[in-house]
Every structure is written in C-alpha cells, then in structure tokens.
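Accompanying notes for the structure given below.
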Amino acid sequence: MKPGAYLSLDTSTTVDDMAAVAKVLNPGAKLLLDPSITEATMTIVAGKMNPGGFLSLNANTSVGDMVAVAGAMRMGAILSLAANTKEDDMTAVAAAMRLGAILSLDANTAEKKMKAVAKAIKPGGLLLPDPTITQGNMTIIAKEMMPGTILVLDASTLQGKMTAVAGAMKPGAYLCLDADTKKETMEAVAKEVSPGAKLLLYPGTAQDQMIAVAKAMKVGAMLLLNLGTPKDNMVAVAAALNPGAILFLGSSISQKNRAAVAKEMNPGAILFLDSSISLKNRTALARVMKPGAYLSLDTSTTVDDMAAVAKVLNPGAKLLLDPSLHQATMTFVARKMNPGGFLSLCAATMIGDMNAVAKEMNPGAILSLAANTREDDMTAVAEEMRLGAILSLDADTAEDKMKAVAKAIKPGGMLLPDPTITQENMTIIAEEMRLDTILLLDASTTPGRMTAVAGAMKPGTYLCLDAHTKKETMEAVAKEMSPGAKLLLDPSTTKEKMVAATKEMKPGAILALDPNTPKGNMSAVAEEMKPGAILALDPDTPKGNMSAVAEEMNPGAMLLLRASTALGKMTAVARKMHSGAILILDPKTTEKNMGAVAAEMKLGAILFLGPGIDQDKMTAVAKAMKFGTRLLLDPNTPKDNMTAVAKEIRWSGATLLLDPSTAQDQMIAVAKAMKVGATLLLDPDTPKENMEAVAKAINPGVILRLDPNTKLENMEAVAREIPRNAKLLLDSNTTEEKMVAATEAMKPGAMLVLEPSTTQEQMAAVAKAVPRDVKLRLHSSATRKMMVAVAQEIPSGAQLHLHPSTHPGGMAAVAAALNPGAKLLLPLRTPPEYIADVASEMSTDAMLLLDQDADPTMIATAAQNLAQDAWLLLHYRTRRNTLIEGAVMALNLGAKLFLDHRTKQETIIAIGEKLNPGIKIYLSDRMELDTYLAVKCSGTYRAVECSGVELTIVGHRTLREKMEAPNITQEIRKRRSIHDLMAMKGPQKRQKEAAEKDGASAKRLRVATYDTGVPSSSAFFKKRAIEEPGDDGTSESNSRKRNCKG
28 MKPGAYLSLD TSTTVDDMAA VAKVLNPGAK LLLDPSITEA TMTIVAGKMN PGGFLSLNAN
88 TSVGDMVAVA GAMRMGAILS LAANTKEDDM TAVAAAMRLG AILSLDANTA EKKMKAVAKA
148 IKPGGLLLPD PTITQGNMTI IAKEMMPGTI LVLDASTLQG KMTAVAGAMK PGAYLCLDAD
208 TKKETMEAVA KEVSPGAKLL LYPGTAQDQM IAVAKAMKVG AMLLLNLGTP KDNMVAVAAA
268 LNPGAILFLG SSISQKNRAA VAKEMNPGAI LFLDSSISLK NRTALARVMK PGAYLSLDTS
328 TTVDDMAAVA KVLNPGAKLL LDPSLHQATM TFVARKMNPG GFLSLCAATM IGDMNAVAKE
388 MNPGAILSLA ANTREDDMTA VAEEMRLGAI LSLDADTAED KMKAVAKAIK PGGMLLPDPT
448 ITQENMTIIA EEMRLDTILL LDASTTPGRM TAVAGAMKPG TYLCLDAHTK KETMEAVAKE
508 MSPGAKLLLD PSTTKEKMVA ATKEMKPGAI LALDPNTPKG NMSAVAEEMK PGAILALDPD
568 TPKGNMSAVA EEMNPGAMLL LRASTALGKM TAVARKMHSG AILILDPKTT EKNMGAVAAE
628 MKLGAILFLG PGIDQDKMTA VAKAMKFGTR LLLDPNTPKD NMTAVAKEIR WSGATLLLDP
688 STAQDQMIAV AKAMKVGATL LLDPDTPKEN MEAVAKAINP GVILRLDPNT KLENMEAVAR
748 EIPRNAKLLL DSNTTEEKMV AATEAMKPGA MLVLEPSTTQ EQMAAVAKAV PRDVKLRLHS
808 SATRKMMVAV AQEIPSGAQL HLHPSTHPGG MAAVAAALNP GAKLLLPLRT PPEYIADVAS
868 EMSTDAMLLL DQDADPTMIA TAAQNLAQDA WLLLHYRTRR NTLIEGAVMA LNLGAKLFLD
928 HRTKQETIIA IGEKLNPGIK IYLSDRMELD TYLAVKCSGT YRAVECSGVE LTIVGHRTLR
988 EKMEAPNITQ EIRKRRSIHD LMAMKGPQKR QKEAAEKDGA SAKRLRVATY DTGVPSSSAF
1048 FKKRAIEEPG DDGTSESNSR KRNCKG
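For the sequence shown, our numbering assigns the number 28 to the initial residue and increments by one for each residue that follows.
What follows is the structure, encoded as structure tokens:
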C-alpha cells in the first residue's frame, strides 16, 4: 500500500486475518477499521500493527473502543483519528495512548481540537500532525505540547514548517524527526530548537545526519537518543555535539554504551542522566566523564546521590546544577566535590545560592559560572570564594566581566580562565589580578596564550600551570615570566618538567612549589635554580623538605619564605642555606622571627631584606647577623633605612651587600655610615663610577669587598680609590691576574685583606706586588706555610699585618722569614708573650711595628726582646709618657731610635733627656729644619750629646741639603750659645745620672721608629731608601732609592 492511502477490510474478515494484515502494513499506509467491529478485535489488531503503519478509526467509533485501541496500540505504530471526531473523544484517546505508540492528527482537524489534543497528551506520549497541516496550526500544536510529550514530524513536512515548530517548542517538550528527513532539513531544525526543548532522533537515522544535527544544536537544547541507536552513532554524536547542547540517552540504553559516550563527550557539551539510572551506574559515568564535558543530573535525584556523583567526578569534568535545586542541596554537593572537578552554576541561579556554594566549595574543586551571569553576581561570588577552591570563567564571558572578576578575587584566591578565551582577554585578566591571587592555566591552553599571560603577570601574583602542560610549553612560559611574578607548579608535575622550567627562569622571576611536591622534586628544582631566580616555599611545606631545598640552593639563587612559616622551619632553613644562596624574608615577618633567623644563618649564606621592611626590623636583623654571613638590601630601600643598617652591621661582623642597581647617592651614604670593622660587598655588575664613588667614601677601618667576577679594570679603579686605613678584601676565587692588578693600584696607607682560602701561589704573587706603604693583612686561619711564603715575598716598605688570634708559632715563623725593610704589624690585642716571641725571632733589618695605642708593657716587651739587627717601629702618635716609659728607658748601649718627622719637638727633647749613653737618635730628613735646629741646638740635646747620644739625619732629602748650606754652622753656634746661657748645668747633670746607672749598658738594643729603611752598616740599607711611615705606620713617600749614613 502506498503511504498515505487507506486499506479497509470487510467486517466479516477474521480477527487473525486482520491482525496478519496489520502486522505487515507498509509504513505510512493506513488500515481503516469499521466502527462496527468489536472492541476485542480492534485491540488485537492494534497490538499487531506494524511500526510506522497507521491504524485509522472512524469518527463514529465509540469512545470506549477508541480508548481501548489507544491503550493497546503497538509501540511505534500510529493511531489516526478522523478530523470530525469529537473533541472530547480525541482528548480521551490522547490521554489513553500507550507510551511508545503515536497519535496522528488529520490535516482537516479544527484548530481548537488540535490544541485540546496537544494539551491532553500525557508525558511520554507521541503526537504526529499531518504534514499538510498549515504552519500556523503546527506552531500552535508545538506551543501547547506539555513537558515530556513528544511531537513527531513526518519526513515529508516542509522544512519551513519544521523549523517554525522547532522554534515554538516549549521547554521540556520533545520534537522527533523521521529518519528519512533530509540532512539539510535536520540541520535547520536543530539550529532552531529552542533552549530547554528536546530533539529526538530515531535509532535508524544515518550517522552523518546525526552528526550534522549534533553540531547544529543550540545551547540549552537537548538531543535524545533511544535504544536501538548503534553505539558508533552515539559516540559520534557525543563527540560532535555543540558546546552547551545537551545529550540525553534513553533509560534502556546499556551502561557500556553510556560509558563510551561519556568518555567521548565534546568539551562544553552536556550529558544528562535521568534519576532512573542506578547510583552505581551514575558514579561510574562520573568517573569516566571526559574533561571539559558537563554532567547534568535530574532534579529528582536525591542529595546523597548527587554528592556521591560529585565526590568521584573525573577531574576536568563538570557537574551542572539545576538552578531550581535547594540551597542546602547545592552547598552539600559543593562540599563533596572531587578536587579538580568543576561545579557549574547556571546564570539563573539565585545570587544567595551562588554565594553559599562559593563559601562551601571543597578546596581544589572548581566553581564555574555561566558567561551570561550578571557582573555583580560574578564579583560577589569571586569575593566569597573559599580559599583553596577555584573560580572558572567561561570563554564567552564579556571582557568587562572578566576584568571585574579578576579584580574581585581575594588574596589566595584562584581564577581559571577557559582555555579557549582569546589571548587578548587572557592578558587583560593577568593584568588585573591582585597581589597574592593565583591565575591557573589549563593544559589545553595554546603556548602562545600561555607565554603572553606569563609576560603580563603583575609582581606578587601567581601563575599556575597544569601538570599535564607539555614540557616545551612550561619552558616557554618560565622564560617569559615577568620579574616579581610567581610561577606555581602543580605538585604532580614530573621532575623532568619541573627541572626544565626551572632552568629557564629569569632573574627576578619567582618559582613557587606546592607543599605536596615530592622532596626529591624540590631538591632537584633547588639544584637547578639560576642566580637571581627566586624559589618560594609554602608555609605548609614539611620542615625536612625545606631543609633539603636550602642545602641544594645554588649560589646567587634566592629562597623565599612566607611570614606565616613556623619559626622552627625558618631557622632550620637558615642553618642549612648553601653558601652564596640568598634567603628572602617576607616583610610581614615579625621582628622577633627575623632576628632569630638572622642569628641562625649559615656561614657564607645571604639574608635579603625587601624595601617594605620597617627600619626597626632591619636594624634588629643587622645586629643579630653572625660573623661570616651576609645581608643584602633591595635597591629601593629608603636611604634612611640603608644607613641605619650600615651603622649597625658592624656589631655582628656580617657583610653588607648592595644591589648593583642601587643609586650612587645611596651607596655613598651607606659607605659613609659604616663603622670600623664593618664589611661592604659590591656586586660585580655595579657600574664602575659607583664602585669608585663608594671606594672614595669608605671610612677608615671599614672593609670593602669585591666579588671575584668583578672586571679587572673595575678592581683597579676601586683599589686606586681606597683611602688610607680603609681595607680592600679580595675573594679567594679572584684570579691571580686580578689580585695582582688590584694590589699594584693601591694607594699608600690602604690595606689589602686576603681570605684564608686563597692559594699559596696567589698569596705569594700578591705579596710580591704590594707597593710601599700599602698593608697586607692575613687571616688568622691561614696556614703557617702560606704565611711564611708571603713574608718571604713582601717587599721593603710594605706592611704585613697579623691578626691577634694568629697562632704564636705562625707569628714567629713570619717574623723570621720577613724580607729586610718589610714591616710586621702586631695589633693592639696581641698577648705580651706573643710579642716577646715575635720580637726575638725578627729577621735582620726587618721591622716590628706596634699599634699607636700600645701600652708601655707591650712596647717594653718588644724593645727588650727584639732580635739583633731588627727594628722596632713606634707610631709618632704614641703618647709621650708611654713612649718614654716603654721604649726609651729600655734602650741600651748601641741601640738606635728613629723618630718620625711628625714627632713633636717637646717629645724629642724629652726623649733625649731619658736616653742612655751610647744610644743613637735618627731623625727623618723630612723634619722641618727649624725643628731640627731647635733640637740640635738645645741645651738638653747638648747634654745628651756629651753623654754619648748621637743625633743623625736619615736619607738625602731637603733637610740634608739645607744642613750642608754654608751658613748653617753659624746658625747652630748662635742657637747653642743661647741655650748655654739658659741651661749651663744641663750636661753635668746628665753625666751624673749616666754614671749612676748600673751594668745595663752591657745590653745592646737596636731600636728604630716607623721607617722602611734605617741607617745600618748592612749592604741592604746602603742600597735602599729610608721611607717614613704615615699615620698608621706606613710611608707617605715615593720609592726613590737613597743612600743611608750612620
């Protein structure tokens, strides 16, 4: 039979024959039953109808028979009512229709009847309007269909009618398309299905048609697949479904097929699960849901079942909550969400419900807001988000909303933009993030977007990468991180990826590790940190892991600890910090904790203080630092704070470091504020002009230390500017060439300090290069072999300084090895027994120099024990009484005393009065002629001279030339006659005092003061100049050679 044509059987046809005909009726053809046929026959025929075949009832058929037939219709078969059937009969039939069977309306049916029938169809019931019904009537029927009812359109229905019907469908109502409908028509209908309405495809629909429909579905529209649809078709539909569209699988579909669909759902598409599916099956589907796809549960699902699904949801998959759910249900589900799983709220959700969910989100779980959510609602949710939970933005969110949400995230809050958001919008979000907020990027985000975001991140904000991000992408992101911004790596990231990202971190950029990162991974990252890059540890990181990281940190790399880190962890890290590595303390750290950490810093480690730290905290840290540790200040630190730290650093013996970008005026202020004993270290990248300015400004007694990587020309420039009595310290890792160049450039009176770890070869090379009147200081822990090597190389006129804690055996060995004319300085705190040992071991023509503040006991000890042919040098500033009591009184026959040209006349005359007979006084030829004549011609001197004391001029300088002038003899005679009148009894008194002295004259003691070379009968002194010391015992003269007399 041709589709659309009627087949009528004689009333005398047996029921079996009628049933046999019905069973094979061509789909689309219509079997017309006579109203006189019994109800039983009608129901048997109805039950045997071939699916797709029409069973037509006459308008005269009793309503009872009609209702009985409607209830007996075979699933898939179609019951057709005549247009003139009563409205009540039609609605009664519609209400009685068996689920799965289809009720058809004739084209001539009145509009009122159509409306009534459409309203009367029960949920699950199917209504098939004749394809020739007008478009207007079809849309009327569609609008009247109740939720859960199904409107079936014949394949021959015009496309225009179909699309009009699709747009008119009520939310919850189904629109079913015939399998024979053209692909283009199906696509057009799918595009018009209104949100909330459901499109049902017959199982026999071709796969390409299904795919076309899936791609065309609108956001919020539902596509229904029923039992009988091939598995491959289901999977293809799931993979092609338009994001935002909903896929509903009939309750009779197997769990195996459902799981296959769940695994292949297109990201953004929604899989709807009916409450009739068992909890076991729903949780199984939740576990395998494809990341990015949505899982939606029926509103009739119990709260416990919803929570069970949420608890096992596959990370990356999204659970969509209906806005009609009770707030208590929503918050209960939020608390149970699996970390990494998304909980999605519709824009229609009440703001109170949204905020409640935001507050209750399980840490690690993600709350997703729809793009059309109001801006005020979005910002309110952002502000209420529970710390540890994540807020996600949809790709279609407006730019203004994105900005507002980024600004509203509170510190510690996390924001996850959809990976498909444009690069421009992603960078806008990054630029708007607040301090200590975290921006997360999905692994599927393109590398270009990730690197753009990395470069746009603000200082103090976090950028977190997914563990599944490719290694190459992580490297690219790490390379682009802006200084001050923090790159946070997921704890499940592989060690290989972490190390690769670490190697690319730029100076100033921060790499943050999650507290759950494995200890081995943390150590591997620390080992690869570049100088200037910063590694930040979470306060919850285990103490053992923190210590392991501190031990592996590279020199120059920085380790950052938050203020909330436990003090025990902080001090443990401080004790384990690798030498040269930098520990950064949060400005919010308490003063007490800062001081405790500073006191525990490991030798050679560096503590960094940021510009935002209070001055009181800074000074407390400076005081608490240990000797051998270093304190680094930020270049933006206020000048007052810098100078306050500079004043206090000396008490701890720590080294103060300045960033190379520190302004020159601040560097100078720091240098001037530093006190005796303090150490200032300059970064090798400090501009040359800044280095020179600091060197000029450094105070006497302050140590200026240079990094071994400083350029040679910069080292020379600094060495040339080091003022008298200031100290230049060279690192043991400095090359020998740089050491020698810096040494040769130093000015008289400056001191060069070498570390004990300096090699013997380096020390010897430096010692050879020490200019006249420059001081070389050795550390007390230097080996005896090294000290002797230096002593053997130190040239005439240079000074070698030893620390008071140097072993006495080492001191004596140095004294014995000194070159002629070289000076050995013993500091003020040197024990008397050490002085005696050193004095007795002094080599020939070497000079022993004592501090200007040395007491009489020290001076007397040195004078009494000085080896023969060695010299004792006393500072001209030594107090007169001390000098006289300590040295002069100890001098014996044959001893020589050298006096500096700056020694006062009264002191020289007083010395002359106390000298024993046979002592020679040596005066510097730099002494003023008037002073010399005053001493030479005084009555006191004449008395001294008569008792055997000789007054000798040293060297060939101006004074000697003046003394050889023709009229000088007359001047001496004139002055002496005056002094004779004033003190006639001077010589006799002196002779008497000398005669009373006992056998002390048997001792022979040679004494000299502050000279690089003194009169001697040795060949050495005949060839070398007599050089005069400066204020600190060093010479101020040049290195011209002079003959010596005496």
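All residues carry an ideal CB built from backbone N, CA and C; glycine is no exception.
Exposed or buried, which one is residue i when buried takes at least 16 other CB atoms within 10 Å?
| i | result |
| --- | --- |
| Ser1044 | Bear in mind that the predicted position of Ser1044 carries a pLDDT of just 33, short of 50, making it unreliable; the figure below should be weighed with that in mind. The residue in question, Ser1044, is exposed, as its Cβ has fewer than 16 Cβ neighbours within 10 Å. |
| Gln826 | buried |
| Pro33 | Residue identity differs from the one stated: residue 33 is Tyr in this sequence, not Pro. Exposed, by the Cβ-count rule. |
| Phe81 | buried |
| Arg657 | buried |
| Lys1024 | Bear in mind that a pLDDT of 44 at Lys1024, under 50, signals an unreliable position, so the number given afterwards is only what the model happens to contain. Lys1024 is exposed by the Cβ-count criterion. |
| Leu513 | Going by the sequence as given, residue 513 is Lys instead of Leu. Burial call: buried. |
| Asn111 | exposed |
| Gly571 | exposed |
| Val432 | buried |
| Ser278 | exposed |
| Glu716 | exposed |
| Arg856 | exposed |
| Asn620 | buried |
| Met45 | buried |
| Pro775 | buried |
According to DSSP, what are the bridge partners of residue i?
| i | result |
| --- | --- |
| Gln826 | Lys802 and Lys850 |
| Met778 | Lys754 and Lys802 |
| Leu372 | Leu348 and Leu396 |
| Phe81 | Lys57 and Ile105 |
| Leu490 | Leu466 and Leu514 |
| Ala128 | Leu126 |
| Phe635 | Ile611 and Leu659 |
| Met874 | Lys850 and Trp898 |
| Tyr321 | Ile297 and Lys345 |
| Arg732 | Leu708 and Leu756 |
| Tyr201 | Ile177 and Lys225 |
| Leu685 | Leu660 and Leu709 |
| Leu340 | None; Leu340 has no bridge partner. |
Per DSSP, what kind of secondary structure is residue i in: helix, strand or coil?
| i | result |
| --- | --- |
| Val797 | coil |
| Ser1044 | The predicted position of Ser1044 is uncertain, since its pLDDT is 33 and thus under 50; no value can be drawn from it. |
| Tyr33 | strand |
| Leu185 | coil |
| Tyr10 | Absent from the model: residue 10. The displayed extent of the chain is 28 to 1073, so no value can be given. |
| Val179 | strand |
| Arg314 | helix |
| Ser807 | coil |
| Lys139 | helix |
| Lys1050 | At Lys1050 the pLDDT is 33, less than 50, meaning the model places this residue with poor confidence; the figure from the coordinates comes in the next sentence. In the structure shown, Lys1050 sits in a helix (DSSP, three-state: H, G or I). |
| Tyr903 | coil |
| Leu153 | strand |
| Leu306 | helix |
| Leu739 | helix |
Since residue i contacts residue j with CB under 8 Å, what's their CB separation in whole angstroms?
| i | j | result |
| --- | --- | --- |
| Lys225 | Met261 | That belief does not hold up - the Cβ atoms of Lys225 and Met261 are roughly 16 Å apart, past 8 Å. |
| Pro230 | Thr256 | 4 Å |
| Asn543 | Pro518 | 4 Å |
| Ala575 | Lys557 | Actually they are not in contact, since the Cβ atoms of Ala575 and Lys557 sit about 19 Å apart, beyond 8 Å. |
| Ala577 | Lys603 | 4 Å |
| Lys146 | Met173 | 7 Å |
Could you give the uninterrupted runs of the alpha helix (DSSP H) lying entirely in the region 552-625, keeping only those of 4 residues or more?
570-579 and 594-603
Whole alpha helix (DSSP H) elements within the region 494-547, 4-residue minimum
498-507 and 522-530
What ranges does the beta strand (DSSP E) occupy inside the region 248-301, keeping only unbroken runs of at least 3 residues that lie completely in it?
249-252, 273-276 and 297-300
Runs of alpha helix (DSSP H) wholly within the region 397-471 (minimum 4 residues, chain order)
402-411, 426-435 and 450-459
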